[in-house]
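Student: Pasting in a structure now, in structure tokens, and then I'll have a few things to ask.
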Amino acid sequence: MGLAKLVDVEVMLSWASSMTWKGLYPILSLSKTVYQKGISVAKKAMEQVESRLERNPLLPKWDILIQPL
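Each residue of the sequence shown is one higher than the last, beginning at 13 in this note's numbering.
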């Protein structure tokens, strides 16, 4: 994969949509929702999200598999 200058949303989405993992392409959607600062997720809601995450022990911050609901 070559380098890409990510100058705008269209370029970023195009670049991300061309990536594959084990032959699968990502499903992308752009959210234009503006969220208020200082809003946080309730602990119970976050626990539900965290229970679906599988972190790679070698790269726990960057390599996360999100299991579907």
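The beta carbon of each residue, even a glycine, is placed where N, CA and C say it ideally should be.
1. CA-CA distance, Glu66 and Pro72?
2. What distance in whole Å lies between the Cβ atoms of Ala28 and Leu40, which are believed to be in contact at a cut-off of 8 angstroms?
3. DSSP three-state call for Trp74: helix, strand or coil?
4. Flag this pair as yes or no: are the beta carbons of Arg64 and Ile76 separated by less than 7 angstroms?
5. Can you tell me where the beta strand (DSSP E) with Leu65 in it begins and where it stops?
Tutor: Based on what the coordinates show:
1. 9 angstroms
2. 6 angstroms
3. Correct three-state label for Trp74: coil.
4. Not a contact, by the Cβ cut-off of 7 angstroms.
5. Leu65 to Arg67
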